[in-house]
Amino acid sequence: MTPQKFGYMNDVDRLIEQTSVSQVLAHYGKPLPEKDSGEHRMDCVFNEDCADSQYGNLTVKLNDVINRIYCHTCKVRGNLLTLLHGLETHRPPTGGRLRGEEFKTAVAKLREIAGQPSENPSPVSSAPVIAESFHPTPQARPSASASSSATSSAAAKLTNTPLHRHEKEAARALANLHEELIVDVSEMSPEAAQYVRSRSWMTPELMKKWGV
Numbered sequence: 014m015t016p017q018k019f020g021y022m023n024d025v026d027r028l029i030e031q032t033s034v035s036q037v038l039a040h041y042g043k044p045l046p047e048k049d050s051g052e053h054r055m056d057c058v059f060n061e062d063c064a065d066s067q068y069g070n071l072t073v074k075l076n077d078v079i080n081r082i083y084c085h086t087c088k089v090r091g092n093l094l095t096l097l098h099g100l101e102t103h104r105p106p107t108g109g110r111l112r113g114e115e116f117k118t119a120v121a122k123l124r125e126i127a128g129q130p131s132e133n134p135s136p137v138s139s140a141p142v143i144a145e146s147f148h149p150t151p152q153a154r155p156s157a158s159a160s161s162s163a164t165s166s167a168a169a170k171l172t173n174t175p176l177h178r179h180e181k182e183a184a185r186a187l188a189n190l191h192e193e194l195i196v197d198v199s200e201m202s203p204e205a206a207q208y209v210r211s212r213s214w215m216t217p218e219l220m221k222k223w224g225v
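Be aware that the sequence shown starts at 14, since it is given in the working numbering, and climbs by one per residue.
Here it is as C-alpha cells:
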C-alpha cells in the first residue's frame, strides 16, 4: 500500500468515526435513534420488498466505531458508508460490497454531510495578478525574446514521458510495479494483514483498483 493510498484510507476511517448515524439520518429526514449506544432499528433502505417481511428491519450498531449495519431480510451488510449509499440510491452496492465509483461517491457525500471540504483542489486564479506585481513598470519587464525563450524552456521541462519509454532503466521498471501488488493477506506483513482484516470492505479487487 502506497503512503498516499494509506493516508487516504486513514482519512476515510476517521471520517466514518467522526460522523454520527444521527447526522446521516437527519440529512435524509429519517427518524433519529432514541439512544447513543446499542442497536438502532429502521426500515431497510436497500430493498422495498423487505418492508413486507416480519424480519424487514435494518439494524445499525451505534456503539461500533464504523457503525456496522445488517438487514435481516435482504442480508445486505456493511458500515456507515453502505448505509449512506442505500439512503442515496435506494439499492444495495453492486456485487454486495461498496467499491470503485460507488465507494468514492459515498465518501464524497459523507464529507458533505460532515461539513468537510471536497478533496478537489480549487483552481488558482490569482497567478496573473501575482506575476503582474513583480513587474510594476514596462522597463522592469523582460524582453519578448527572453520571455519566449523562458516559456519554451519551461514547456520542454514539463514534457511528459511514459515510464515504459523513459531513458533510464530504473524508471522503466516502475511501469510494471503494480504487477507486484500483494492482495493476499497470507503474504502480507503482520501489520498490513491486521489492517486489511479489520476492514471487511477492503477486498482484493478494491486493493487492485486503488493500487494499494
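All residues carry an ideal CB built from backbone N, CA and C; glycine is no exception. Predicted model only: the values in this text are computed from it and were never measured.
From residue i to residue j, what does the alpha carbon distance come to, in whole angstroms?
i, j, result
"T86", "T174", "53 Å"
"E200", "V78", "27 Å"
"L28", "E114", "18 Å"
"R104", "E182", "48 Å"
"I195", "T216", "12 Å"
"T107", "W214", "13 Å"
"V89", "L123", "20 Å"
"A127", "T32", "6 Å"
"Q67", "P203", "43 Å"
"R26", "D197", "What sits at residue 26 in the sequence shown is Asp, not Arg. Each residue's alpha carbon lies about 21 Å from the other."
"F147", "Y21", "Residue placement at F147 is poorly supported in this model, since its pLDDT is 43, which falls under 50; the coordinates are not used for a value here."
"T102", "R178", "44 Å"
"A121", "P130", "9 Å"
"K221", "D24", "19 Å"
"I143", "E30", "The predicted model places I143 with a pLDDT of 45, which falls under 50 and marks its position as unreliable; any figure quoted below should be read in that light. Looking at the two C-alpha atoms, the distance is approximately 41 Å."
"D56", "Q207", "33 Å"
Of the choices the options, whose alpha-carbon is the least far from that of residue i?
i, options, result
"R112", "G91, L100, I126", "G91"
"A119", "C57, R178, L97, G128", "L97"
"S35", "D49, V58, D65", "D49"
"K117", "G109, G128, T95", "T95"
"R58", "Y83, L100, E204, E125", "According to the sequence as given, residue 58 is Val; it is not Arg. Cα-wise, what sits closest to V58 is L100."
"G109", "A121, I82, E125, P130", "I82"
"V73", "S66, E61, P44", "P44"
"R212", "N60, N80, C63, D62", "N80"
Hey, would you say residue i sits closer than 8 Å to residue j, going by beta carbons?
i, j, result
"V37", "L93", "yes"
"H40", "P46", "no"
"G10", "L75", "An answer regarding residue 10 cannot be provided, because it is not within the stretch 14 to 225 covered by the chain."
What span of residues does the beta strand (DSSP E) with residue i cover, start to end?
i, result
"C82", "A quick correction: the sequence has Ile, not Cys, at residue 82. Start and end: 82-84."
"T72", "70-74"
"R54", "52-56"
Taking residue i as part of the alpha helix (DSSP H), name the residues at either end of that continuous run.
i, result
"R124", "113-127"
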